[in-house]
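Residues in the sequence shown are numbered from 437 upward in steps of one, following the working numbering.
For every residue, glycine included, the Cβ atom is placed at its ideal position computed from N, Cα and C.
Please read the structure below before turning to the comments.
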Amino acid sequence: MYEKRIERVLAAMKDAGLPQLLLSDHLAIYYLTGVDFDPFERFWALLLREDSKHILFSNKLFKVPPMPMEVVTLDDTDSMPDHVAPYLLDGALGVDKNLPARFLLPIVEGKGTVTAVLGSDCIDAVRAQKDEREKELMRRASVINDECIQKLAAFIHEGVTERDCYNYLDRLYASYGCEGNAFDHIISFGANAADPHHVPDDTVIQEGDCIVIDIGCKKDHYCSDMTRTFFWKRADPKHLEIYNIVRQANERAEAMVRAGVPFCEIDACAREYIASFGYGANFTHRLGHFIGMEDHEKGDVSSLNTDTVKADQIFSIEPGIYLPGEFGCRVEDLVIATDDGCENLNHVSKEPIILGI
């Protein structure tokens, strides 16, 4: 599995004219080796070379298992540039977007015959197209998320606060054996929902409130992410109408997803539908983002992205309408693109649901 992934990255490097690529993103290293450490301030990197003489740079504090490549182990008193330089080829050195300047600059200075260039696309484009194992892990994480959002909806009661819901969800994820949250939960009552990234606070649920729940867990390194909007005890007719506009925008955009369709056209489908009801200015963010081991990976569904969809890419479709000081709603699913459509990873109903009755 890891050998095939490395081969795909090497092919991308060849297309980009890069003889070598230095990766410091611990998730990229895990993706290519199965070994994951959070290095904190220490140097932890994987050097991929066109001659397949790959090097993993580690630290004595990390217990690295036997690897099918050379492992260079440093300690905290070693000169990192002196240990890295002998393994670098002359010419272009691709580096990922995560490599800190405190490492990059000494490496370039220590090996005066290399020129650093951004090479993240060589790994990001490969990671964007999930293999079968990754797709199955994403499905499992989304099953957990589906179950947890339904349990959270059932938990909501008179006197509950957004923060109560946040803490309850943390306990739910832990009970499923998740490593943690894919991102900070967004749980918003009433007018708070008009802020797409509202931080849960001590706001108490009130009759007539909308309830925006945007949540995701991380399970076996892979993320889930979904949003549903509920109502508490009753729904204002205007708010219910807006909800149905957002829901339709979500479903219309998902119906467009298939390999070969430009991402900007999928975004336009949802955006133009919302605008046709006069709420274009209230849809204030892109339609979606790529996801995998990180909740937001390279790639998005936006007006600026003219790339076309590729099979096995996983991304969100999440239109929303936000009325400052009054109301907000969002409906989000994750989809796996296929040659002739998409697989929806979320199966919680998108029918309008009024809780507490």
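Checklist entry - Do the segment 713 to 726 and the segment 736 to 747 make contact, defined as three or more Cβ pairs closer than 8 angstroms? => result yes
Checklist entry - Expressed to the nearest angstrom, what Euclidean distance is found between the alpha-carbon atoms of Ile727 and Glu570? => result Spanning the alpha carbons of Ile727 and Glu570 requires a straight line of approximately 11 angstroms.
Item to check | Alpha-carbon spacing of Met692 relative to Ala704, whole angstroms | outcome: 11 angstroms
Item to check | Residues that Asp650 bridges to, as DSSP identifies them | outcome: Ile622 and Thr663
Next on the checklist: What would DSSP say about Leu605, mapped onto helix, strand or coil?
Outcome noted: DSSP, reduced to helix, strand and coil, places Leu605 within a helical segment of the structure shown.
Item to check | the segment 752 to 770 contacting the segment 625 to 633, beta-carbon criterion three pairs below 8 angstroms | outcome: yes
Checklist entry - Which whole-angstrom value describes the C-beta separation of Gly652 and Asp731, a residue pair presumed to lie in contact below a C-beta threshold of 8 angstroms? => result Right, their Cβ atoms sit about 6 angstroms apart.
Item to check | Distance, Thr665 Cα to Cys765 Cα | outcome: 6 angstroms
Checklist entry - Under three-state DSSP, which class holds Asp474? => result Coil, per DSSP.
Checklist entry - For Arg694 versus Asp775, is the C-beta distance shorter than 8 angstroms? => result Remark: C-beta atoms of Arg694 and Asp775 approach each other more closely than 8 angstroms.
Checklist entry - Hey, Val767 and Glu754: beta-carbon distance below 8 angstroms or not? => result yes
Checklist entry - Taking just the CA atoms, how far does Phe591 sit from Ile641? => result If I take the Cα positions, the gap works out to 12 angstroms.
Checklist entry - Do the CB positions of Pro542 and Pro501 come within less than 8 angstroms of each other? => result no
Checklist entry - What are the boundary residues of the alpha helix (DSSP H) that includes Ser494? => result Element bounds for Ser494: not the alpha helix (DSSP H) but the beta strand (DSSP E), Ile491 to Asn495.
Checklist entry - On the premise that Asp461 lies in contact with Asn386, defined as a C-beta separation below 8 angstroms, what is that separation, rounded to the nearest angstrom? => result Any property of residue 386 remains undetermined from this structure, which presents the chain solely from 437 to 793.
Item to check | Completely contained alpha helix (DSSP H) runs for the segment 683 to 722, where each covers 4 or more residues | outcome: 699 to 711
Next on the checklist: Is the beta carbon of Ala618 closer than 8 angstroms to that of Ser660?
Outcome noted: yes
Checklist entry - Nearest to Ile623 by CA position, among Lys654, Gly616, Ile585 and Glu594, is which residue? => result Ile585
Checklist entry - Quick one: what's Ala481 bridged to in DSSP? => result Answer is Phe493, bridged to Ala481.
Item to check | Neighbourhood of Gly696 by C-beta distance below 6 angstroms, restricted to the same chain and skipping five residues each side | outcome: Thr744
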